[in-house]
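A.B. asks: Numbering (the numbering used here), first residue to last: 93 to 892.
Think of the CB as a built atom: it goes at the ideal place given N, C-alpha and C, for glycine as much as any other residue.
Keep in mind that this is a model prediction, so the values were computed, not measured.
Below you'll find the structure I mean.
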């Protein structure tokens, strides 16, 4: 971009990177008209009336389904009491009906969006869910878009109609049909009618262009009405194995990933409903941006998380430099953590004296070293090896005590037998001082203690990270307070693997809780028995009395009936369980993950059923990937497949032309995606003095906000200028949103490149691109991301 210095504000920069397939439709028309072709006659007003009648029927059926499900839910809620099993079944039923009602509510908008007229005269309506005619032969009156029978809606072309004569796109607002777009795929009929089929490899061009040119709202919308053939191929790919989806800006990678999640849940419900689907995004802002898509596709059970949220109980928000994050993301940290844990397995420099009652024992360093080495050879994780270490030390102390107490004064064999030794060991295990020594020599650790303790101590870093340079160790050093950074979470997860889960304390707590419940039940039964003896006036009445609770239950069974198991969804249970194995994992912006983060995700998905979505040209993280092979080879070898998305639907040709120059500087071998449209709006580029930047930015924000009307403006600034420019922008325009997690529904959002990943705006202002490039060794990739967030307009403010 440096070649463009010195240009005037109205200079036109963009050259078409590729001839667009289709120009954007003028406002108020049904779609673009190819040069040299007459405008299609299209559907008539009577067609709209007919479709309205059918859509009204579908909404009537939707209302009936809601009413029926709500009635069943209310009946289940009234079913109180019963055994624990009955209550568990009731809770499962309640959860099922509640989820069903949520799904039925989520598909209200755009319930039906398409119709297929087949060559045999049959018609199929396509929508968000499947609806059946319960009054007839249970035939579908609306096909779920994921059903095999609905696939021709996305794939049929005039060259390969797949039995489809006509494809109709139905546009609705609330429950009203507001427009129809027809594509005649029968070439003979198209010629007779003067209409044309899909061209340029696109299906539903009018609907597609209407969707991509519509104003943004700050929340991502689904593309279920406009899925294209190359996207459909990815969405419906096989569940098994690792699928990498490489695609440039605007190709719909994120939308494809979300629709793939919905498709897999529909197709493999039995597997994935119990094991769950995890979708990992780059940051919390991005996850909020996409949060509405899956519910509108009738799926509410996918767990959305950032890498910083993959360790239960931890939400990582601590800021740190890109250089430190890269250092923590290296695979070297596996050995650093292992060494840090080994360093906690102590051998004393001097003998330890242990006082028990009126005696004193001595634990010498050699005995501890022998016990430690023997336990390490078992290969057990640190916490799970602690009981073995306890046995070694307590046996050694018991032998020492036996030699002292049981020695034959005449010099013969020891007078104590194995039973005596077992008693000594039992008593020693209960000695507080013995337990204190064991805790010091081989402490039971949490991952948080390991990681925080390592970074808080120069001495521990020197021992555990001896292989790192002094500068790297100094960069890792920090105080233990202030929370966790996203780069810490893979380290916590790795430490948890190395430590193992010591659940003895949890089991002891559960046993105590169980005993307390039994004791409470015993008290209830005693009261009931006492009441029974008072109620009967004589023995004859007692003999003829009815059975009561004391005749039918003992205390432990009564306690069992009162335990209410916590009823959680699959996603909720998975979120709380670090060792959960997901049925499928989807990663968006996958190129940003560090090697340590990949280890976390591979542990979460031992089946290696994964969809990885990204663009290596947009890698901004220093620990991120520059190609896919080095990332995947350690885990799956060559057993992964690549799909490429090559068409940019969101980003117009004028903006892609500017971005293509930056892409060539990143890697001349990379090919930019092909734009499907141009807008006639050339990006503008202005140079301002540093002192004028804030004022000119405010002017540009006002101009772009006016230019996009009800749309959204994204202002992407260097990380080092966020405070200065954010303050100036919000003082002048209070509606500007900014911060660590800005609200994207605001008309103007000011954010960094890292925050902007995966987002889109009607207009984008890129501020000081030279500084964006200078802030990171991968600054050109950051600039490439910044330049390709817009769907309509792009402005660049340079400083110099």
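#1: Kindly list the residues whose CB is nearer than 8 Å to the CB of residue 765, restricted to its own chain and excluding five residues on each side of it in sequence; keep chain order.
#2: Can you name the start and end residues of the alpha helix (DSSP H) that residue 304 belongs to?
#3: Go to residue 232, then tell me how far its beta strand (DSSP E) extends in each direction, as first and last residue.
#4: If you draw a straight line from the C-alpha of residue 417 to the C-alpha of residue 730, how long is it?
#5: Roughly how many whole angstroms lie between the Cα atoms of residue 227 and residue 233?
#6: Taking C-alpha atoms, which residue in 788, 607, 772 and 217 lies nearest to residue 779?
#7: Rounded to a whole number of angstroms, what is the C-alpha to C-alpha distance between residue 308 and residue 804?
#8: Taking 9 Å as the threshold (C-beta atoms), are residue 247 and residue 321 in contact?
#9: Where does the unbroken beta strand (DSSP E) through residue 884 begin, and where does it stop?
#10: Specify, as a first and last residue, the run of the alpha helix (DSSP H) that residue 403 falls within.
#11: Kindly indicate the opening and closing residues of the alpha helix (DSSP H) around residue 261.
#12: Using the rule of at least 16 other Cβ atoms within 10 Å of the residue's Cβ for burial, across every protein chain shown, is residue 761 buried or exposed?
#13: Residues in its own chain within less than 6 Å of residue 396 by CB, not counting five upstream and five downstream?
#14: Tell me which residues share the same chain as residue 272 and place their Cβ nearer than 8 Å to its Cβ, disregarding the 5 neighbours each side in the sequence.
#15: Can you tell me whether residue 855 is helix, strand or coil according to DSSP?
#16: Report the three-state DSSP secondary structure of residue 206 (helix, strand or coil).
#17: With H, G and I counted as helix, E and B as strand and the rest as coil, what does DSSP make of residue 727?
#18: Identify every residue that forms a DSSP beta bridge with residue 577.
#19: Which two residues bound the contiguous beta strand (DSSP E) that contains residue 822?
#20: Return the first residue and the last residue of the beta strand (DSSP E) that residue 778 is part of.
#21: Hey, could you find the ends of the beta strand (DSSP E) residue 702 is sitting in?
#22: Indicate the three-state DSSP secondary structure (helix, strand or coil) for residue 360 in the structure shown.
#23: Residue 809 and residue 843 - do their beta-carbons sit closer together than 9 Å?
#24: Measure the Cβ-Cβ separation of residue 300 and residue 351 and say whether it is below 9 Å.
#25: Determine the DSSP secondary structure at residue 529, reduced to helix, strand or coil.
#26: For residue 317, which of 474, 552 and 204 has the nearest alpha-carbon?
#27: Please go through the same chain and pick out, in chain order, the residues whose beta-carbon is closer than 7 Å to the beta-carbon of residue 544, but skip the five residues on each side of it.
#28: Using a beta-carbon distance below 9 Å, is residue 160 in contact with chain C?
#29: For a test of the three-state rule: what should DSSP assign to residue 877, helix, strand or coil?
#30: Would you grab the beta carbon distance between residue 588 and residue 670 for me? Rounded to a whole angstrom, and I think it's under 8 Å.
#31: On the DSSP letters alone, give me the boundaries of the beta strand (DSSP E) that residue 677 sits inside.
#32: Are the segment 505 to 525 and the segment 402 to 420 touching, with three or more C-beta to C-beta distances below 8 Å?
#33: On a CA-only basis, which of 515, 215 and 533 is nearest residue 456? Give me that one, please.
#34: So, for residue 728: in the same chain, excluding its five sequence neighbours on each side, which residues have a beta-carbon less than 6 Å away from its beta-carbon?
#35: From the DSSP output, read off the bridge partner residues of residue 448.
#36: Suppose contacts are defined by Cβ-Cβ distances below 9 Å. Is residue 870 in contact with residue 711 by that definition?
C.D. replies: From the atom records:
#1: 339, 340, 341, 342, 343, 737, 738, 739, 740, 743 and 748, listed in sequence order.
#2: Its alpha helix (DSSP H) spans residues 297 to 305.
#3: Start and end: 232 to 236.
#4: Their backbone Cα atoms lie some 28 Å apart in a straight line.
#5: The straight-line gap separating the alpha-carbon atoms of residue 227 and residue 233 is approximately 11 Å.
#6: Sorting 788, 607, 772 and 217 by C-alpha distance to the C-alpha of residue 779 places 788 at the top.
#7: So the two alpha carbons sit approximately 6 Å from each other.
#8: Cβ atoms of residue 321 and residue 247: closer than 9 Å.
#9: Taken as a continuous stretch (DSSP letters only), the beta strand (DSSP E) holding residue 884 covers 882 to 891.
#10: For residue 403, there is no enclosing alpha helix (DSSP H), as DSSP gives it neither H nor E.
#11: Element bounds for residue 261: not the alpha helix (DSSP H) but the beta strand (DSSP E), 256 to 265.
#12: By the neighbour-count rule (16 or more Cβ atoms within 10 Å), residue 761 is not buried but exposed.
#13: Exclusion of the five residues before and after residue 396 leaves 371 and 379 as the residues of its chain whose Cβ lies within less than 6 Å of its Cβ.
#14: Taken in chain order, the residues that qualify are 134, 135, 139, 140, 143, 260, 261, 262 and 263.
#15: Residue state for residue 855 is assigned as strand, using DSSP reduced to three classes.
#16: Note: residue 206 maps to strand in three-state DSSP.
#17: Helix at residue 727.
#18: In DSSP, residue 577 forms no bridge with anything.
#19: In this chain, residue 822 is not harboured by any beta strand (DSSP E); it is covered by the alpha helix (DSSP H) spanning 814 to 824.
#20: In this chain, the beta strand (DSSP E) harbouring residue 778 covers 776 to 780.
#21: Here the beta strand (DSSP E) through residue 702 covers 702 to 706.
#22: Three-state result, residue 360: coil.
#23: A contact, by the Cβ cut-off of 9 Å.
#24: Going by beta carbons, residue 300 and residue 351 fall outside the 9 Å limit.
#25: The answer is helix: DSSP assigns residue 529 an H, G or I state.
#26: Of the listed residues, the one whose Cα sits closest to residue 317 is 204.
#27: The answer, listed in chain order, is 572.
#28: The chain inventory of the structure shown lacks chain C, comprising one protein chain alone.
#29: Here residue 877 carries a helix assignment [DSSP, helix/strand/coil].
#30: The C-beta distance from residue 588 to residue 670 rounds to 6 Å, short enough to meet the 8 Å contact threshold.
#31: Taken as a continuous stretch (DSSP letters only), the beta strand (DSSP E) holding residue 677 covers 676 to 679.
#32: They do not touch, by the three-pair rule.
#33: The shortest Cα separation from residue 456 among 515, 215 and 533 belongs to 533.
#34: Same-chain partners within the cutoff: 334 and 700.
#35: Residue pairing of residue 448 in beta bridges, as defined by DSSP: 451.
#36: For residue 870 and residue 711, yes; Cβs fall inside 9 Å.
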